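In my numbering, the protein residues as written are 1066 to 1298.
Glycine residues also receive a C-beta, built at the ideal position from the N, C-alpha and C atoms.
This structure is a prediction, so every number in the text was calculated from the model and none was measured.
Beneath this line is the structure, given in structure tokens, with notes to follow.
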Amino acid sequence: MTGAGISTDSGIRDFRGPNGLWTLDPAAEKLFTIQNYLADPGIRRRSWLARRENPAWGAEPNAGHLALVELERRGSLRAVITQNIDRLHQRAGSSPDRVIEVHGNMVDAVCWDCGARSLTEDALARLDAGDADPACLVCGGILKTATIMFGQSLDGEVLRAAAAASQDCDVFVAVGTTLQVHPVAGLCQVAVRSGAELVIVNRDPTPYDDLASRVIRESISEALPVLVDELTA
Ligand code: CNA
Ligand code: ZN
């Protein structure tokens, strides 16, 4: 299971690490709350601007993402459960049907009112053309990226797939996540209860470190290739 920390070496900041978006600017958190997004056109405008500036659009996968592709190539990957919305696992070469995006993705957009799906890229083109808060082209409703904001519930089917994978593995590796966002963080416990070994690869301590048989505090892009070799030796 991966979090924002696997993508920092691709130039995408995390939220809660030492240089994290929220660590440096705690007020940014309110951009990510669904109630604020729905209620306040000003927040939506800021949110679309932030999306447009997101470094993920121009980022390339790093050695951490590639290590998980290699784990799959060696036949040892059950799934990549990711909290990330940046699509870098798929772009690195992980099979899309093995990547479980528990917090959605930023490439797709969805209408809050009618559920119509579109591309974020198209909304950003409208933004560039002067529409600061692009509405749904089908019903005029509120458009947002297909990401899960605070206050939104997770997709039940996606969460079930993540829980099933957690119950069905020998080793559960939590990579680059503070394990503070629930219910996803609880998957560590689900895996351990089902008999899996828990390995944590994260620079900062997490609430699940005591449950882990190994905690690796090194750089993810350096440590993950080594770990993959060890796990498949
Ligand atoms: P987080 O809470 O920001 O934690 C990231 C953790 O990774 C921190 O503990 C860091 O110390 C650690 N870390 C960062 N870089 C490295 C590195 N190179 N080597 C070792 N450790 C490192 O992120 P979580 O994923 O736990 O939080 C969940 C949120 C963040 C999810 O909803 C994501 O959608 C959201 N997010 C995603 C992205 C992305 O898609 N790339 C970016 C920022 C935030
Ligand atoms: Zn609509």
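Practice task
Using only alpha-carbon positions, find the residue among 1276, 1236 and 1230 that is nearest to residue 1297.
Solution key: Position 232 of the sequence shown, counting from 1, holds the residue named residue 1297. Among 1276, 1236 and 1230, the Cα nearest to that of residue 1297 is on 1236.
Problem - the ligand ZN heavy atom lying under 7 Å from the CB of residue 1173 - result: By 1-based counting over the sequence shown, the position of residue 1173 is 108. No, since every heavy atom of the ligand ZN falls outside the 7 Å radius drawn around the Cβ of residue 1173.
Handout entry: Whole-Å CB distance - residue 1171 paired with residue 1119, under 8 Å assumed
Key = The residue labelled residue 1171 in the question sits at position 106 within the sequence shown. The residue labelled residue 1119 in the question sits at position 54 within the sequence shown. About 7 Å separates the two Cβ atoms, so the contact holds.
Problem - Three-state secondary structure assigned by DSSP to residue 1160 - result: Translated into the one-based positions of the sequence shown, residue 1160 becomes position 95. Three-state DSSP puts residue 1160 in coil, outside helix and strand.
Problem - residue 1169 and residue 1150 closer than 8 Å at C-beta - result: As a working note, residue 1169 is residue 104 in the sequence shown. As a working note, residue 1150 is residue 85 in the sequence shown. In contact: residue 1169 and residue 1150 (Cβ atoms closer than 8 Å).
Practice task
Starting from residue 1253, follow the alpha helix (DSSP H) in both directions and report where the run begins and ends.
Solution key: On the sequence shown, position 188 is the one that residue 1253 refers to. Here the alpha helix (DSSP H) through residue 1253 covers 1252 to 1258.
Problem - Closer than 7 Å: residue 1187 CB and nearest the ligand ZN heavy atom - result: Here the question's residue 1187 lines up with position 122 in the sequence shown. Not so, every heavy atom of the ligand ZN lies at least 7 Å from the Cβ.
Exercise for the section: Using the Cα positions of residue 1216 and residue 1136, report the straight-line distance between them to the nearest angstrom. Expected result: Taking the first residue of the sequence shown as position 1, residue 1216 is located at position 151. Taking the first residue of the sequence shown as position 1, residue 1136 is located at position 71. When rounded, the distance between both Cα atoms is 34 Å.
Practice task
Check whether the Cβ of residue 1069 lies closer than 7 Å to any heavy atom of the ligand CNA, and answer yes or no.
Solution key: Numbered from 1 along the sequence shown, position 4 holds the residue referred to as residue 1069. It does: the Cβ of residue 1069 is within 7 Å (strictly closer) of some heavy atom of the ligand CNA.
Handout entry: Inter-residue Cα distance where the pair is residue 1111 and residue 1270
Key = The residue you call residue 1111 lines up with position 46 of the sequence shown. The residue you call residue 1270 lines up with position 205 of the sequence shown. Using only the alpha carbons, I get a separation of about 32 Å.
Practice task
Please list, following the chain, all residues that have a C-beta closer than 5 Å to any non-hydrogen atom of the ligand ZN.
Solution key: 1176, 1178, 1179, 1181, 1201, 1203, 1204 and 1206
Practice task
In angstroms with no decimal places, state the Cα-to-Cα distance between residue 1265 and residue 1188.
Solution key: Against the sequence shown, residue 1265 aligns to sequence position 200. Against the sequence shown, residue 1188 aligns to sequence position 123. Taking the straight line from one Cα to the other gives about 37 Å.
Practice task
In the DSSP assignment, find the unbroken beta strand (DSSP E) run with residue 1146 in it and report its ends.
Solution key: For this step, residue 1146 is matched to residue 81 along the sequence shown. That run of the beta strand (DSSP E) goes 1145 to 1147.
Practice task
Compute the distance between the beta-carbons of residue 1313 and residue 1242, then report whether it is under 8 Å.
Solution key: Absent from the model: residue 1313. The displayed extent of the chain is 1066 to 1298, so no value can be given.
Exercise for the section: Round the Cβ separation of residue 1077 and residue 1285 to the nearest angstrom and send it over; I've been treating them as touching at under 8 Å. Expected result: Along the sequence shown, read from residue 1 onward, the residue named residue 1077 stands at position 12. Along the sequence shown, read from residue 1 onward, the residue named residue 1285 stands at position 220. Actually they do not touch by this definition, with Cβ atoms about 13 Å apart.
Exercise for the section: Would you tell me roughly how many angstroms separate the C-alpha atoms of residue 1225 and residue 1255, rounded to the nearest one? Expected result: If you number the sequence shown from 1, residue 1225 lands on position 160. If you number the sequence shown from 1, residue 1255 lands on position 190. Spanning the two alpha carbons is a distance of roughly 12 Å.
Practice task
Sort out for me which residues DSSP pairs residue 1216 with in a bridge.
Solution key: The residue labelled residue 1216 in the question sits at position 151 within the sequence shown. Partner(s): none; residue 1216 has no beta bridge.
Practice task
Express the C-alpha separation of residue 1133 and residue 1142 in angstroms, rounding to a whole number.
Solution key: Along the sequence shown, one-based indexing puts residue 1142 at 77. Along the sequence shown, one-based indexing puts residue 1133 at 68. Near 8 Å, if we compare the C-alpha coordinates of residue 1133 and residue 1142.
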